[in-house]
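**Q** Before I ask anything, let me first share the structure, which is written out below as structure tokens.
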């Protein structure tokens, strides 16, 4: 995976010589339109980058975009890799490490989540404070590459406290009611049963099928991490609404403007 990451980074450098991004923004389900708001320098399909996986999920475009906002150089990943698509750990590591090799030291992920709290309904934005890994997978399993990080990665403050405070300050300025909570990561692709949600509520506030592996890989190579979630549905058994992916995308797209303004405000603080 190290070879693929270095090859991908070299391809990107050839297309944008001298470009050194500060932050990677990962765009989750239905949120890929964010890249249209920034000044785009180069857009590269994942299929052109060694080790990258082109998502087959609706709402994930599968492009790496180099751009800038208010003078801050950044990478947008329009779509992510999910374990439920049958990928292995190397894909996660390659995507994260490519961004690190290019210069990124902040990993800002967005995602769509189900809420396990009745007081946080669809359409709300939330900052993730911690996670519980119920995916049964860890991207660091296997030989460790000391060039990126140590064998045993501390995860006490995986979600950077200072970056979280910054997001809350921006949300307050923009009059956004920002929630917070713990993310329970599951493998998918089936949605959770009501019984599973009753169990998961002991551990967390939100549930989703991504993000955890990216966070682990990003922390391993020394990146600071923040995660913004769009609540697209109430989890199974929380209310009478049935869950489906079409509705998830609809709610995510409806929240795009608010999420975009929050992310742009965050990026401005990196100047």
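Numbering (the working numbering), first residue to last: 1293 to 1563.
Beta carbons: idealized from backbone N, C-alpha and C, even for Gly.
Note that the structure is predicted; figures quoted are calculated from it, not measured.
Under 8 Å: do the stretch 1378-1394 and the stretch 1517-1530 share three or more Cβ pairs, one atom per stretch?
**A** The stretch 1378-1394 vs the stretch 1517-1530: no contact.
**Q** Please classify residue 1452 as buried or exposed, where buried requires at least 16 neighbouring CB atoms within 10 angstroms.
**A** When all chains shown are included, residue 1452 counts as buried.
**Q** Does the distance from the CB of residue 1507 to the CB of residue 1450 come in under 7 Å?
**A** For residue 1507 and residue 1450, yes; Cβs fall inside 7 Å.
**Q** In the DSSP assignment, what are the bridge partners of residue 1398?
**A** Per DSSP, 1315 and 1516.
**Q** Considering just the uninterrupted stretch of the alpha helix (DSSP H) at residue 1477, what are its terminal residues?
**A** No alpha helix (DSSP H) holds residue 1477; the beta strand (DSSP E) holding it covers 1470-1478.
**Q** Let's see if you can read the secondary structure: which residues bound the alpha helix (DSSP H) around residue 1498?
**A** Segment 1498-1500 is the beta strand (DSSP E) holding residue 1498; no alpha helix (DSSP H) there.
**Q** Is residue 1371 helix, strand or coil when you go by DSSP?
**A** Residue state, collapsed to three classes: coil.
**Q** Which of the three DSSP states, helix, strand or coil, is assigned to residue 1332?
**A** Reduced to three states, the DSSP call for residue 1332 is strand.
**Q** Report buried or exposed for residue 1328, applying the criterion of at least 16 other Cβ atoms within 10 angstroms of its Cβ.
**A** When all chains shown are included, residue 1328 counts as exposed.
**Q** Am I right that residue 1473 and residue 1406 are in contact with their C-beta atoms under 8 Å? What's the rounded C-beta distance?
**A** With 8 Å as the limit, residue 1473 and residue 1406 do not qualify as a contact, their Cβ atoms being about 12 Å apart.
**Q** Less than 7 Å between the C-beta atoms of residue 1486 and residue 1529, yes or no?
**A** Taking 7 Å as the Cβ cut-off, residue 1486 and residue 1529 qualify as a contacting pair.
**Q** On the DSSP bridge assignment, give the partners of residue 1428 in chain order.
**A** According to DSSP, which records beta bridges pairwise, residue 1428 is partnered with nothing at all.
**Q** To the nearest angstrom, how far is the alpha carbon of residue 1376 from that of residue 1393?
**A** Near 27 Å, if we compare the C-alpha coordinates of residue 1393 and residue 1376.
**Q** If you drop the 5 nearest sequence neighbours on each side, which residues of the same chain put their C-beta closer than 6 Å to that of residue 1390?
**A** The answer, listed in chain order, is 1297, 1300 and 1301.
**Q** I believe residue 1420 touches residue 1550 by the beta-carbon criterion, under 8 Å. Please report the beta-carbon distance rounded to the nearest angstrom.
**A** That pair is no contact at about 17 Å.
**Q** If residue 1367 and residue 1373 are in contact, beta carbons under 8 Å, what's the gap, nearest whole angstrom?
**A** Not a contact, Cβ separation roughly 15 Å.
**Q** If you draw a straight line from the C-alpha of residue 1455 to the C-alpha of residue 1555, how long is it?
**A** Rounded to whole angstroms, residue 1455 to residue 1555 spans 12 Å at the Cα level.
**Q** Can you say whether residue 1444 is buried or exposed, counting buried as having 16 or more other CB atoms within 10 angstroms of its CB?
**A** By the neighbour-count rule (16 or more Cβ atoms within 10 Å), residue 1444 is not buried but exposed.
**Q** Taking C-beta to C-beta, are residue 1432 and residue 1512 nearer than 7 Å?
**A** Yes.
**Q** How long is the line joining the alpha carbons of residue 1337 and residue 1356, rounded to whole angstroms?
**A** Straight-line Cα distance between these residues: approximately 6 Å.
**Q** Does the separation of the CB atoms of residue 1439 and residue 1320 fall below 7 Å?
**A** Not in contact: residue 1439 and residue 1320 (Cβ atoms no closer than 7 Å).
**Q** Along the beta strand (DSSP E) that carries residue 1359, what are the first and last residues, could you check?
**A** 1355-1361 is the span of the beta strand (DSSP E), which, as asked, contains residue 1359.
**Q** I'd like the span of the alpha helix (DSSP H) that includes residue 1558, first residue to last.
**A** From DSSP, the alpha helix (DSSP H) with residue 1558 extends over 1548-1560.
**Q** Would you list the one or two residues that DSSP bridges to residue 1452?
**A** DSSP lists no partner for residue 1452.
**Q** Out of 1316, 1303 and 1295, point me to the one whose CA is closest to residue 1558's CA.
**A** Checking every option, the nearest Cα to that of residue 1558 belongs to 1316.
**Q** Distance, Cα to Cα, residue 1470 vs residue 1411?
**A** Their Cα atoms are separated by approximately 12 Å.
**Q** What whole-angstrom Cβ distance do residue 1426 and residue 1476 have, given they're in contact under 8 Å?
**A** Going by Cβ atoms, the distance from residue 1426 to residue 1476 rounds to 6 Å, so yes, they are a contact pair.
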